[in-house]
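Participant: Going down the list, the protein sequences come from chains A and B. Residues 0 to 170 (numbering that gives the first Met the number 0) make up the first sequence, in order. Residues 0 to 202 (numbering that gives the first Met the number 0) make up the second sequence, in order.
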Amino acid sequence: MSMKKRRKRVDLPAGNVNITSLLDVLTVLLFFLIQSMSVNSMYLDPPKGIRLPASRITADAEESVRVALSKEALSVDGNVITTLVHGEYQKKDLENDNKTIKALKKILENQLQKKHAFYKDVGDLKNLNPDKVIIQADKQLPFKLVKNMLHTIVVSGYFNYQFVVVPEDKK
Amino acid sequence: MQHKKKKRRHGLPPEEVNIVSLLDILTTLLFFILMVMSFSNFSIMEAEALLAGKPSEQKKNIFALRVIIQNATLATIQLGAIEGLKIANQDSFYDYLKKNYSGSPQIGFFKKLNAKNHTDLLLKIQDTLVMIKKGFPHEHKIVLAFSDQVEYQNMVLAMNEVQSLSDKRDAFQITTLVGSKEKTRILFPSVVLSEASGGMDKK
Numbered sequence: 000m001s002m003k004k005r006r007k008r009v010d011l012p013a014g015n016v017n018i019t020s021l022l023d024v025l026t027v028l029l030f031f032l033i034q035s036m037s038v039n040s041m042y043l044d045p046p047k048g049i050r051l052p053a054s055r056i057t058a059d060a061e062e063s064v065r066v067a068l069s070k071e072a073l074s075v076d077g078n079v080i081t082t083l084v085h086g087e088y089q090k091k092d093l094e095n096d097n098k099t100i101k102a103l104k105k106i107l108e109n110q111l112q113k114k115h116a117f118y119k120d121v122g123d124l125k126n127l128n129p130d131k132v133i134i135q136a137d138k139q140l141p142f143k144l145v146k147n148m149l150h151t152i153v154v155s156g157y158f159n160y161q162f163v164v165v166p167e168d169k170k
Numbered sequence: 000m001q002h003k004k005k006k007r008r009h010g011l012p013p014e015e016v017n018i019v020s021l022l023d024i025l026t027t028l029l030f031f032i033l034m035v036m037s038f039s040n041f042s043i044m045e046a047e048a049l050l051a052g053k054p055s056e057q058k059k060n061i062f063a064l065r066v067i068i069q070n071a072t073l074a075t076i077q078l079g080a081i082e083g084l085k086i087a088n089q090d091s092f093y094d095y096l097k098k099n100y101s102g103s104p105q106i107g108f109f110k111k112l113n114a115k116n117h118t119d120l121l122l123k124i125q126d127t128l129v130m131i132k133k134g135f136p137h138e139h140k141i142v143l144a145f146s147d148q149v150e151y152q153n154m155v156l157a158m159n160e161v162q163s164l165s166d167k168r169d170a171f172q173i174t175t176l177v178g179s180k181e182k183t184r185i186l187f188p189s190v191v192l193s194e195a196s197g198g199m200d201k202k
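1) Can you tell me whether DSSP reads K154(B) as helix, strand or coil?
2) When the Cα atoms are used, what is the spatial distance from M0(A) to L21(A)?
3) Please report how far the alpha carbon of D23(A) lies from the alpha carbon of V35(B), in whole angstroms.
4) Rounded to whole angstroms, what's the CA-CA distance from M199(B) to L192(B)? Just pull it up for me.
5) For L73(B), does the three-state DSSP call read helix, strand or coil?
6) Could you check how far apart the C-beta atoms of N70(B) and V177(B) are, in whole angstroms? I think they sit under 8 Å.
7) Can you name the residues of chain A whose CB is closer than 8 Å to the CB of V155(B)?
8) State the DSSP-derived secondary structure class of Q135(A), mapped to helix, strand or coil.
9) Taking the alpha carbon of G107(B) as the reference point, which residue from K85(B), L78(B), T27(B), L122(B) has its own alpha carbon closest?
10) Answer yes or no: does any C-beta atom of chain A fall closer than 8 Å to that of A46(B)?
11) Step through the CB atoms of chain A and report whether any lies within less than 8 Å of the CB of L183(B).
12) Do F187(B) and K133(B) have their C-beta atoms closer together than 8 Å?
13) Using CA coordinates, which residue listed in Q34(A), K70(A), K98(A) is at the minimum distance from K47(A)?
14) For T151(A), is the classification buried or exposed, using 16 other Cβ atoms within 10 angstroms of its Cβ as the cut-off for buried?
15) Assign Y160(A) to one of three DSSP states: helix, strand, or coil.
16) Within the present structure, is the beta-carbon of K59(B) separated from the nearest heavy atom of the ligand COA by less than 7 Å?
17) Buried or exposed: N17(A), going by 16 or more other Cβ atoms within 10 Å of its Cβ?
18) So, is the C-beta of M199(B) closer than 8 Å to a C-beta in chain A?
19) Helix, strand or coil, according to DSSP, for K202(B) in the structure here?
20) Below 8 Å on the Cβ atoms is my guess for I43(B) versus F162(A); work out the distance and round it to an integer in Å.
21) Secondary structure at M44(B), three-state DSSP: helix, strand or coil?
22) In chain B, which residues lie with their C-beta within 8 Å of the C-beta of P173(A)?
23) What separation, rounded to the nearest whole angstrom, lies between the Cα atoms of A63(B) and I185(B)?
24) Are any of the Cβ atoms in chain B nearer than 8 Å to that of A116(A)?
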């Protein structure tokens, strides 16, 4: 009768995962993100097709209507309102003065009326800050196109502009 | 054969730290920050619109400085009538204007600037504005007008350069109207935009 050899059960060591390096990475990444994160209620990412000009100015935006102009289209708060053909405004989109953009004027006037109506209701019209518009335009656009947008903004009742720019080393 | 009962060790050995909750928080925080943060770094440059109005009925002159940028290499500086205005170091400022500008204190002065490229043009504009600022240290408004062919990037750069000197340039000294001297880089921070041929204005 052969003696069955009993196999000794070899106890494997408990699975130890060394997470020191993982924790290192997580902590460093977390502190880096906290350090560099930008907390701004304004969403300023430009629409597709717009490369912003560079500038050394550093100032934060005040919440306002966003108008964006690229070579293909004009948009307000992310919604395209007019398209450009061969880099020009279409005649049907302009008023008789060939300067004012109809759709833009209509939207801006509506926005302004709502804003003033709201402030009037709360009795705070006197304390209202000057009406401003945030402008994002492609850096290669000629002033010929930009001026129509600026003119329409003024005609609609907004007298101050906020041009969105990127830091100079980040063209 | 009796098996010895092994005593089980209860609880963790003292040197081990339970970091499960810490890892939980770190991971959650990390993903939250990654989701909400914006990696873009945008800034804002402010400007005003030129508003058309009735001509002033006042006989008194007001400070009116206008820079017209025709293209990447040509600009014109226009300074309105300055007779009667408060000017720092008036005599030396008048001498400077007579040597470098065309015009007179009664009707105003103008000067054309030619340059090799846009960067050079902006430097020349800045040098001119520094001299004007020395004469009018208390004035902050400037009208910037552009021709149709000027690129938007160049328009933004011009707005930049007329507002203040960059850190690469030395600050200049101004004498205020009360006689105190101070060094500054600020030129004309209140920029009003216009077009060269007419006006983008509300009538």
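Backbone N, C-alpha and C fix where the C-beta goes; we use that ideal spot for every residue, glycine too. Bear in mind the structure is a predicted one, so any value in this text is a computation, not a measurement.
Facilitator: Reading off the structure:
1) Numbered from 1 along the second sequence, position 155 holds the residue referred to as residue 154(B). Checking the sequence shown, residue 154(B) turns out to be Met, not Lys. M154(B) falls in the helix class under three-state DSSP.
2) Position 1 of the first sequence holds residue 0(A). Position 22 of the first sequence holds residue 21(A). In this predicted model, M0(A) has a pLDDT of only 47, less than 50, meaning its place in the structure is not dependable enough to derive any value.
3) What you label residue 23(A) is simply residue 24 of the first sequence in a count that begins at 1. What you label residue 35(B) is simply residue 36 of the second sequence in a count that begins at 1. Using only the alpha carbons, I get a separation of about 22 Å.
4) In the second sequence, residue 199(B) corresponds to position 200, counting from 1. In the second sequence, residue 192(B) corresponds to position 193, counting from 1. Because the pLDDT of M199(B) is 47, which lies under 50, any placement of that residue in the model is unreliable, and the number read from its coordinates should be weighed accordingly. In a straight line, the C-alpha of M199(B) is about 8 Å away from that of L192(B).
5) Here residue 73(B) corresponds to residue number 74 of the second sequence, with the count starting at 1. Looking at L73(B) - three-state DSSP - the assignment turns out to be strand.
6) Looking up residue 70(B) in the second sequence gives position 71. Looking up residue 177(B) in the second sequence gives position 178. 41 Å between Cβ atoms; not a contact.
7) Numbered from its first residue, the second sequence carries residue 155(B) at position 156. Residues of chain A passing the Cβ test: P52, A53, S54, K138, F162, V164.
8) What you label residue 135(A) is simply residue 136 of the first sequence in a count that begins at 1. Strand, per DSSP.
9) Numbered from 1 along the second sequence, position 108 holds the residue referred to as residue 107(B). Selected option, being the one with the closest Cα: L78(B).
10) On the second sequence, position 47 is the one that residue 46(B) refers to. Chain A contact via Cβ: present.
11) Taking the first residue of the second sequence as position 1, residue 183(B) is located at position 184. Checking the sequence, you will find Thr at residue 183(B) rather than Leu. Cβ-Cβ to chain A under 8 Å: no for T183(B).
12) Here residue 187(B) is taken as the residue at index 188 of the second sequence, counted from 1. Here residue 133(B) is taken as the residue at index 134 of the second sequence, counted from 1. Not in contact: F187(B) and K133(B) (Cβ atoms no closer than 8 Å).
13) Walking along the first sequence from the start, residue 47(A) turns up at place 48. The shortest Cα separation from K47(A) among Q34(A), K70(A), K98(A) belongs to K70(A).
14) As a working mapping, residue 151(A) is identified with position 152 in the first sequence. Result: buried.
15) Within the first sequence, numbered from 1, the residue matching residue 160(A) stands at position 161. If DSSP states are grouped into helix, strand and coil, Y160(A) belongs with the strands.
16) The model depicted lacks the ligand COA and carries no ligand whatsoever.
17) Here the question's residue 17(A) lines up with position 18 in the first sequence. By the 10 Å Cβ count, N17(A) comes out exposed.
18) Looking up residue 199(B) in the second sequence gives position 200. Its pLDDT being 47, under 50, M199(B) is placed unreliably by the model, and nothing is read from it.
19) Taking the second sequence and counting its residues from 1, one reaches residue 202(B) at position 203. Low per-residue confidence applies at K202(B): pLDDT is 38, beneath 50, and the placement is therefore not dependable, though the value from the model is reported in the following sentence. The answer is coil: DSSP assigns K202(B) none of H, G, I, E or B.
20) Looking up residue 43(B) in the second sequence gives position 44. Looking up residue 162(A) in the first sequence gives position 163. Contact flag correct, Cβ pair sits at about 7 Å.
21) Along the second sequence, one-based indexing puts residue 44(B) at 45. Three-state result, M44(B): strand.
22) Outside the shown range of chain A (0 to 170) lies residue 173(A), about which nothing can therefore be said.
23) One-based indexing of the second sequence puts residue 63(B) at position 64. One-based indexing of the second sequence puts residue 185(B) at position 186. Distance between the alpha carbons of A63(B) and I185(B) is about 18 Å.
24) On the first sequence, residue 116(A) is found 117 positions in, with the first residue counted as 1. Not one chain B Cβ lies under 8 Å of A116(A).
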